[in-house]
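**Student:**
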Amino acid sequence: MSDREISENSPVEQSEVFSLAVDGMGGDGAPDVVVAGLAIAADRHPGMRVLLTGDEACLRPLLAKYPKAEAICTIWHTDAAIPMDMKPTAALRVRQSSMRLGMDAVASGRAKGVVSAGNSGAMLALAKIVVKTMPGISRPAMAAISPTVKGDVVMLDLGANVACDWRNLVEFAVMGEAFAKAVLGLPAPRIGLLNIGSEELKGDEKLRVASEALRESPLAAQFHGFIEGHDITAGTTDVVVTDGFTGNVALKTGEGALKMASSLLRQVFNRGIISKIGYLLVKPGLERMKEWLDPRRYNGAVFVGLNGVVVKSHGGTDAEGFAAAVDVAMDMVTHGFNDSIRERLTHMGALLSRQQAALEREPETTAS
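Numbering follows the numbering used here, in which position 238 of the sequence shown is assigned residue number 1471; successive positions increment by one, without gaps.
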């Protein structure tokens, strides 16, 4: 398939459904990193078709340099892009931006998902307005994968919702379970609610109510209960559920701890000749650890709870990292991520309604 320009007035071209829409102009290294990343992803996903949005004058020469990317891409031209520092409210007014066209493609059914390394705030705002929240979900969340001593863990919310109620947390658990199934390939992911202690009486009311609801839900067999901060990296559960404020703090604390450990190791091995000899002895192991903890492997945060797959790549990533974000999006599209969420919500609707009704009756019962 050639990299032809999509025409809004061509019903034949509009009938084609693409695997993904990709924002060609989003991110610090765009469009070079985006196209190079698609070339890497093309080898991993045979049959993938990409609607690449952006400035054709910039994209076409790059595609010529990367034949594998050129073979899977169709350009949807626009010369407008969202700057990394643009406010979300302003981004909503740029109706022909490369990011907006990608969202439009998902909303119209032209693409099954969208990937962008662009402005995070603008992307979340556009996703809510254009792609829209899935019926049965009160708020979308941001989810991502992190390393643990046992493998990988899905964490959500990581900043999309600073304050949450018990129902939001239950919905996050549903979405996190579907994410772990689709991306990590786990048949029955274990779910934990992040709390200040593992005892049942710990935490505030929203955590306790969410715990009760999950214990009575179809996810009961997979619900581990409350977990603490150290359980995240210990791999106690496969899914960590929390509000966006706590999740964002936990994520950035973990990133800071990794940077500190890396800095300390460099200091230790640069102290003298004996230390440098020691480094040579342990270098193979350190290289394996570095590969395991490589942030590019975990690139690709997902806005879950929308009517389509929306994946946010880190703005400063390289081609390998962008390809990893494409991998996440393709896994979700291929494994019917949103269909899994809809199925779970269908079975949990009555339970959530009963729980809410019980909470609303509590003040009356106490007063009497």
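Think of the CB as a built atom: it goes at the ideal place given N, C-alpha and C, for glycine as much as any other residue.
Once you ignore the five residues that flank L1389 on each side, which residues in its own chain have a CB closer than 6 Å to its CB?
**Tutor:** Excluding residues within five positions, the ones whose Cβ falls inside 6 Å are A1374, A1376, F1405, G1409.
**Student:** Scan the segment 1373-1436 and note each continuous alpha helix (DSSP H) run of 4 residues or more that stays entirely inside, going in chain order.
**Tutor:** You should have 1399-1417.
**Student:** Where I1465 and F1412 are concerned, what is the direct C-alpha to C-alpha distance, given to the nearest angstrom?
**Tutor:** I1465 and F1412: Cα-Cα distance of roughly 17 Å.
**Student:** So what's H1457 in DSSP terms, helix, strand or just coil?
**Tutor:** It is a strand residue.
**Student:** Cα-Cα, which of H1278, D1476, G1270 is closest to T1567?
**Tutor:** The residue with the shortest Cα to Cα distance from T1567 is H1278.
**Student:** Where does the unbroken alpha helix (DSSP H) through V1535 begin, and where does it stop?
**Tutor:** Where V1535 is concerned, there is no enclosing alpha helix (DSSP H), although the beta strand (DSSP E) it sits in stretches over 1534-1537.
**Student:** Which residues bound the alpha helix (DSSP H) around L1452?
**Tutor:** Looking at the DSSP string, L1452 is not in any alpha helix (DSSP H), and its letter there is neither H nor E.
**Student:** When you compare each of I1273, E1445, G1346 to Q1588 by their alpha carbons, which one comes out closest?
**Tutor:** The option with the nearest alpha carbon to Q1588 is E1445.
**Student:** Let me make sure I understand the geometry here. Which of G1262, G1257, D1318, V1283 has the alpha-carbon closest to that of E1289?
**Tutor:** Ranking the options by Cα distance to E1289, first place goes to G1257.
**Student:** Would P1264 and G1280 qualify as a contact pair, given that the criterion is a beta-carbon distance under 8 Å?
**Tutor:** Their beta carbons are not under 8 Å apart, which means P1264 does not touch G1280 by this criterion.
**Student:** Return the residue from the list R1328, N1481, A1344, K1435 that minimises the CA-CA distance to V1395.
**Tutor:** Among R1328, N1481, A1344, K1435, the Cα nearest to that of V1395 is on N1481.
**Student:** So, D1318 versus G1548, is the Cβ gap smaller than 8 Å?
**Tutor:** Not a contact, by the Cβ cut-off of 8 Å.
**Student:** Kindly indicate which three-state DSSP category D1551 falls into: helix, strand or coil?
**Tutor:** Of the three classes helix, strand and coil, the one that applies to D1551 here is coil, per DSSP.
**Student:** What did DSSP end up calling V1327 once you bin it into helix, strand or coil?
**Tutor:** In the structure shown, V1327 sits in coil (DSSP, three-state: anything other than H, G, I, E or B).
**Student:** Ordered along the chain, which non-local residues of its own chain (more than five positions away) have a Cβ less than 6 Å from that of Q1329?
**Tutor:** Around Q1329: T1311, A1313.
**Student:** Can you tell me the Cα-Cα spacing of M1563 and I1460, whole angstroms?
**Tutor:** If I take the Cα positions, the gap works out to 30 Å.
**Student:** For the putative contact between V1472 and P1422, defined by C-beta atoms under 8 Å, what is the C-beta separation to the nearest angstrom?
**Tutor:** With a Cβ gap of about 5 Å, V1472 and P1422 count as contacting.
**Student:** Who pairs with K1545 in a beta bridge, going by DSSP?
**Tutor:** According to DSSP, K1545 bridges with S1349, A1534.
**Student:** I need the DSSP call for T1475, collapsed to helix, strand or coil.
**Tutor:** Reduced to three states, the DSSP call for T1475 is coil.
**Student:** In terms of alpha-carbon separation, which member of P1380, K1361, S1379, K1298 lies closest to S1371?
**Tutor:** Among P1380, K1361, S1379, K1298, the Cα nearest to that of S1371 is on K1361.
**Student:** In terms of residue numbering, what span does the beta strand (DSSP E) encompassing I1308 cover?
**Tutor:** It spans 1306-1310 - the beta strand (DSSP E) in which I1308 sits, taken as one unbroken run.
**Student:** State the DSSP-derived secondary structure class of G1369, mapped to helix, strand or coil.
**Tutor:** Three-state result, G1369: coil.
**Student:** Can you round the beta-carbon distance between G1392 and G1477 to whole angstroms, since I take them to be within the 8 Å contact cut?
**Tutor:** Their Cβ separation, rounded to whole angstroms, is 5 Å, which keeps G1392 and G1477 in contact under 8 Å.
**Student:** If you draw a straight line from the C-alpha of E1249 to the C-alpha of V1542, how long is it?
**Tutor:** The straight-line gap from Cα to Cα measures roughly 18 Å.
**Student:** Is L1426 near the ligand FMN, in the sense that its beta carbon is under 7 Å from a heavy atom of that ligand?
**Tutor:** As far as ligands go, the structure on display features none, and thus does not contain the ligand FMN.
**Student:** Note down the Cα distance separating V1416 from T1470, rounded to an integer number of angstroms.
**Tutor:** When rounded, the distance between both Cα atoms is 15 Å.
**Student:** Let me know the secondary structure DSSP gives V1255 once reduced to three states.
**Tutor:** Reduced to three states, the DSSP call for V1255 is strand.
**Student:** Taking all protein chains shown into account, do 16 or more other C-beta atoms lie within 10 angstroms of the C-beta of V1386, making it buried, or fewer, making it exposed?
**Tutor:** Burial call: buried.
**Student:** Starting from T1470, trace the beta strand (DSSP E) in both directions and tell me its first and last residue.
**Tutor:** Taken as a continuous stretch (DSSP letters only), T1470 belongs to no beta strand (DSSP E), as it is neither H nor E.
**Student:** To the nearest angstrom, report how far apart G1346 and V1267 are at their CA atoms.
**Tutor:** Each residue's alpha carbon lies about 16 Å from the other.
**Student:** Can you give the Cα-Cα distance for Y1299 and I1378, rounded to whole angstroms?
**Tutor:** For Y1299 and I1378, the distance between alpha carbons rounds to 29 Å.
**Student:** Apply the 10 Å Cβ neighbour rule to M1581 and answer buried if 16 or more other Cβ atoms are within range, or exposed otherwise.
**Tutor:** Buried, by the Cβ-count rule.
**Student:** What is the residue span of the beta strand (DSSP E) that G1607 lies within?
**Tutor:** Lying before the first or after the last residue shown, residue 1607 is absent from the chain, which here runs from 1234 to 1601.
**Student:** Count the other C-beta atoms from every protein chain shown that fall within 10 angstroms of the C-beta of A1297, then say buried if there are 16 or more, exposed otherwise.
**Tutor:** Exposed is the call here.
**Student:** Which same chain residues end up closer than 8 Å to T1479 when comparing Cβ atoms and leaving out the 5 residues on each side of it in sequence?
**Tutor:** L1427, listed in sequence order.
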